[in-house]
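What follows is one structure encoded as structure tokens, with my remarks underneath.
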Amino acid sequence: MSANVDVARSRVSSDAGDTEASPDTKIHFRVCRFIIETGVKLGMRSVPMATACSLYHKFFQSANLQVYEPYLVAMSCIYLAGKVEEQHLRTRDIINVCHRYFHPGSDPLELDGQFWELRDSVVQCELLILRQLNFQVSFEHPHKYLLHYLLSVRSLLNRHAWSRTPIAETAWALLKDSYHGAVCVRHPPQHLAVSTLYLAMHSYGVQIPKGEMEWWQVLCEDITKADIETIISELLQLYDMEAKCT
Amino acid sequence: MDRDLLKQSLSFHGQSLFSLLNCEQSENPDFKAVATDLFKAAHQRRERENDSPVVEQFIARKADILFAPSWKFCAPSDDDHQETREPYAIMPPLEQFMEVPFEERRDLFYRDVERGDMVIGRINSIRDFGFFVTIICTAGGLKRDIEDLELTALCPIRDVPSTGHHDDPLSYYQIGDLIRAGVKDIDRYHEKLTISLYSSSLAANLSKFKLGVISKEDLPLHYIRAERVSSDRSLTYEKLLESSLGFSNPSNVDVLLEKLGVSDTQSASLMRGLQSKHFMEEDFATAIRKKQSASWALKCVKAGVDHFKSGRHVEAMNEYNKALEIDTNNVEALVARGALYATKGSLVKAIGDFELALEGCPSHRNAKKYLCQTLVERGQQLEEEEKLVTAEGLYRKAIALDSSFQEAEDALQKLQLHIQKSLKLKEEAAKEQEKAKTVETSAEKLRKILKEEKRMKKKRKRSSSSSSTSSSSSSSSRGSYSSGRKKSKKRKRKRKRSSHSYKKRHRRISSRDEKSTEEEVEWYPAPADTSASFINQTQAMAKLLEDKSESGDRRLSQSREGARSHSFGSTSGVETMEEKRGRFEDDPFDRSPRGKERVQHSKQSTGSKHRSSSKVNGRERESHRKSEEGHSGGGSRPECSGISSKSRRYSSSSAGSEYSRKSGHSVDPPSRDSNYRGSEGRQCDLTYRTDRSDSKDSRRTGVNYGRSSCDVSQDNKTMVEGGQRKELPSNLLDIFSQIAQFEKEKRQKK
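Each protein sequence line maps, in turn, to chains A and B.
Going by this note's numbering, the first residue of the first sequence is number 32, and it counts up by one from there.
Going by this note's numbering, the first residue of the second sequence is number 15, and it counts up by one from there.
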């Protein structure tokens, strides 16, 4: 019963998102893509990258997109995430990579006044983000949940079937991709982890022996099938969004 | 595309997915190749609830990524460390929470258990042919909830290692023992297991486990946790996960990613735009930084070259160094710096820079040219230093670098000629030498002896310089007296030394010398008035004593003068002084401040005019005498006094009076310094003297010298007497004269 309501609500909200908030969502998608691409080029690990995206989404939950330059906020989010997750990133690298993102094929910046101004603005924006988020900048990410779930599921499956099926890779990629949207700040980490695992297993048609309870019920008590489906549909929308945005 | 995977997915999703796939992947040649195969699989669909069409569409759209063989990128590292700490949360088997039915679990176990797996069980019966084990849990890779399945395995007797005795290996085991064993054989049809206690039965990644009887503590963590879960129904997976220590490990993500074989920094995404083929290598942070640093460094080099051209070499060097700091091994910066070094004359450094530059860029024309020129220049330098072979090597190197470099070739030819010449010369010289040798052997021998003696004399001269300075600066009688007194003291010390280990003492002194350099610094600015009053005091005391013994002293000191040389020759104190001197000479930087100190010092301690050193000596003498008086008066034991005087010298003694202690500290350094001064001052006149002395004379001193060692015992005797003489100052005169006579006799004997 409640599941149906949930599904209905999610449909409504997603529909509304498609029509109403479309321009904003598209911008956020592009900026998140920018964060992720930059993160890859900077050699960031998944968790700091997830933190950077979460910071960005959290920031624009309360801030207006018309007031703040999203790409500058994104750069500062990357910088701040590196600090929060203890993967030190140098501002010079961040600015270099971002500069090249906006001016593909251009020569690296000269280390002159303009560069230092850019650096100052990144650092200033970092302080702004901190204040806007009330200095609550550490998040619980679904990554470690997902990995533990994967391990539990693996031991339940036949080892050869497991080694043949790229469930772990797919689930991990799905989770990373989910940061293109605000899914990460809307749902609890456990739900996200279960949903990505569910989708990955369904993609390959992998079945787990059935017991009294479903495996996802065991992994996360308060999740319902509808929750999983909501998250999955939100996730899959992001892939559709990619086609629209690029 | 992985056909089996696609089949599996199709049989799960059915016909709808197949039509979607046909639609979405119509342009994919890979899919077309496998499509016909898949058609059948799509119809094998089992009856189950409908899946959402969104998921199927997603699968269809991303099928080229999802089912690409490269998507499964790396094999997991299934290295199960059995550590006490858990790097990630180790959870009980999932089926325990899911409550999978008994039968299914049993089937699953028999399906998945494999040879080489590790199981843990309890012995339930022992027979002649082996023992039966009820398996309670699995260990190692496979993790299943099997305790209630009542699985029984047989461990045959041939798989039980014998303990080395002749008795039955099974006698070692008892019913109820916990056994860790490897799965040796599985009969899946009859559901029978055979296990082995030989570790060769285990898979390679488990081989470090020991098989056999284990204790309860050795049970795997997932089993222990499973027991906790089965006893406490409220303990859910979630609660257990969040309460376990490994879950709060901040690096558990990295550990698990490695365990599962997922690469983290590699971009793995189902997004089309994030496929790794879209990432250019030159867009990555490290590449950009490198490029940026290089251009920045080049800018610095340009600035440096400008500085260099206008003659500001220091600024140019700073720029080059900055450039190299920004971008180590920047070729241009290295070449520029090398050129600067070369113009500044540091050819070796220049060569180093050029070589580094050529290492980074072997075709750099300027670097090559400069290196050749610098090598030749350095070679010429070496030639002047007569290091012909090294120079030749450098020329050869230059030619090897640039065979058309005429200058190097010319230099090399010249050098080779030179070498040949010098070789010839050497040969001739050797021949001549051989000739000369036969003639000049006797003369040479003589010269050698002379040289030896000169050396010895120098040594002695240095040692006796302290007393000789005093004698030279003050009235001769007093000076000689003081030296005599001093000598007796020194002898005393020497005797002590002979009773102690010689070397040990030597070492101690040298270590003290190091300390004393610090002490000296502290000591120099001593309050002027105290030292002055002190000098006065000592002066008075010295006079008192000297007046009494003056007449007797004259004779004595004269007779002693000769003996002095040998008695001093072998004291270790002298050696330390020499050592010190050696240090001064070795270290030119150390020398100059020392010299200053010395000068300053002599000024300070002397106060006025030439009597300074005599005063100093007097002071020292006084202090020594004082302490010795005190001791021999108290205990009348020379050894004791010797020890205490030593301790006074090397540390502040508690035995001596305050006065003597003070004097011991304050007087010592000046006396030593005056020694240096004396020895230095003496150096010239010593050489002068030795130059003058003919071979006969020096031989005589040599004999004297040789005799000195046998004099030691006699010296000791006199020293004892000396000790007594201090005790009775009134009788000094008599005693001194006695000694003098004794010594005269001794001399006559010899």
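Each residue gets a CB set at the ideal place from its N, CA and C atoms; glycine is no exception.
As the structure is a computational prediction, the values presented were derived from the model and not from experiment.
With 16 other Cβ atoms within 10 Å as the buried cut-off, status of residue i
i, result
"B:V328", "exposed"
"B:G393", "buried"
"B:K291", "exposed"
"A:P197", "buried"
"B:S257", "exposed"
"B:N344", "buried"
"B:R509", "Legend: pLDDT at B:R509 = 48, less than 50; position of this residue unreliable, value from coordinates given subsequently. The residue is buried, with at least 16 neighbouring Cβ atoms inside 10 Å."
"B:Y495", "Residue placement at B:Y495 is poorly supported in this model, since its pLDDT is 46, which falls under 50; the coordinates are not used for a value here."
"B:R239", "buried"
"A:P220", "buried"
"B:R125", "exposed"
"A:V62", "buried"
"B:I302", "buried"
"B:L437", "exposed"
"B:D142", "exposed"
"B:S417", "exposed"
"B:R461", "exposed"
"B:D162", "exposed"
Beta-carbon spacing of residue i, residue j below 8 Å
i, j, result
"B:S23", "A:S234", "yes"
"A:A204", "B:A282", "yes"
"A:L228", "A:A202", "yes"
"A:V249", "A:V168", "no"
"B:L211", "B:L225", "yes"
"B:C261", "A:K89", "In the sequence as presented, Cys is not what sits at residue 261 of chain B; that position holds Phe. Cβ distance not < 8 Å, so B:F261 and A:K89 don't count as in contact."
"B:H236", "B:I104", "yes"
"A:L187", "A:A199", "no"
"B:M112", "A:G242", "yes"
"B:A422", "B:V390", "yes"
"B:F293", "A:K72", "yes"
"A:W246", "A:I254", "no"
Distance between residue j and residue i (C-alpha atoms, nearest Å)
i, j, result
"B:K459", "B:E448", "15 Å"
"B:L165", "A:N189", "19 Å"
"A:S85", "B:N42", "36 Å"
"B:P170", "B:K222", "22 Å"
"B:S571", "B:K758", "Unreliable positioning characterises B:S571 in this predicted model, as indicated by a pLDDT of 46, which lies under 50. The coordinate reading is nonetheless provided below. Approximately 12 Å, taken between the alpha carbons."
"B:F81", "A:L178", "21 Å"
"A:R131", "B:L348", "29 Å"
"A:I259", "B:A311", "55 Å"
"A:K207", "A:S77", "7 Å"
"B:D44", "B:S25", "19 Å"
"B:I753", "B:L746", "10 Å"
"A:Q238", "A:P173", "22 Å"
"B:K471", "B:Q762", "24 Å"
"B:R194", "B:N266", "28 Å"
"A:Y87", "B:G374", "43 Å"
"B:L31", "A:T122", "47 Å"
"A:K256", "B:Q306", "52 Å"
"B:D182", "B:E272", "46 Å"
Three-pair Cβ contact test at 8 Å for the region 156–169 of chain B versus the region 131–144 of chain B: yes
Cβ pair count under 8 Å reaching 3, the region 288–303 of chain B against the region 142–151 of chain A: no
Contact set between the region 148–175 of chain A and chain B, restricted to residues whose Cβ is under 9 Å from the partner: H172, H174, K175
Contact set between the region 395–412 of chain B and chain A, restricted to residues whose Cβ is under 8 Å from the partner: none
Chain-ordered residues of the region 274–287 of chain B with a beta carbon less than 8 Å from chain A: L274, G275, V276, D278, T279, S281, A282, S283, L284, M285, R286, G287
Within 8 Å of chain B by C-beta, residues of the region 54–74 of chain A in sequence order: R64, I67, E68, V71, K72, L73, G74
Stretch pair the region 399–409 of chain B + the region 379–387 of chain B: three plus CB contacts closer than 8 Å: no
Contact set between the region 73–94 of chain A and chain B, restricted to residues whose Cβ is under 8 Å from the partner: L73, G74, M75, R76, S77, V78
contact_flag[the region 107–126 of chain B, the region 185–194 of chain B] where n(CB pairs < 8 Å) is 3 or more: no
Proximal residues, the region 188–204 of chain B versus chain C, C-beta separation under 7 Å: The displayed structure is made up of protein chains A and B, and chain C is not among them.
Segment contact flag, the region 194–205 of chain B with the region 239–253 of chain B, C-beta cutoff 8 Å, min 3 pairs: no
Contact set between the region 323–344 of chain B and chain A, restricted to residues whose Cβ is under 7 Å from the partner: none
Members of the region 303–315 of chain B near chain A, C-beta cut-off 8 Å: R303, K305, Q306, S309, W310
Short-range partners of chain B found in the region 249–273 of chain A, where Cβ spacing is below 7 Å: V249, L250, C251, E252, E260, I263, S264, L267, Y270, E273
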